[in-house]
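Residue numbers (this note's numbering): 442 to 549.
The following block contains the structure:
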């Protein structure tokens, strides 16, 4: 499902060996989520595609549990669609405790 909302990275652990840091998320940074999907290589776990960072193959997406959405609005829409498909996944936004600086795309 294509979306457009910001999310704070809360977990940058587990960067794959050989993956350059510029192709991995950083804890404390805000990213733009452009798609919510299920990761094929992670048993269908809810995942996000980001505008600013493109992980190396075969990953292609980041697990949603690595992020805190900064607003409930896009999540409400995602919940509605998932309910219609019978695949509701509970996700909630939590307040961010500190200011953030949006990142510029790493591929520039």
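Don't be surprised by glycine CBs; every beta carbon is placed ideally from N, CA and C.
In this structure, the CA atom of residue 497 is about 18 Å from the CA atom of residue 468. Nearest to residue 486 by C-alpha distance, out of 454, 477, 493, is 477.
Comparing alpha carbon positions, the residue from 465, 512, 506 closest to residue 492 is 465. Residue 488 sits away from residue 446, with the two beta carbons spaced by 7 Å or more. Sorting 506, 500, 510 by C-alpha distance to the C-alpha of residue 459 places 500 at the top. Distance check between residue 457 and each of 503, 448, 442 places 503 closest, using alpha-carbon atoms only. Going by C-alpha positions, residue 471 is about 26 Å away from residue 484. When beta bridges are read from the DSSP output, residue 487 appears opposite 479.
Counting along the chain, the unbroken beta strand (DSSP E) around residue 510 starts and ends at 508-510.
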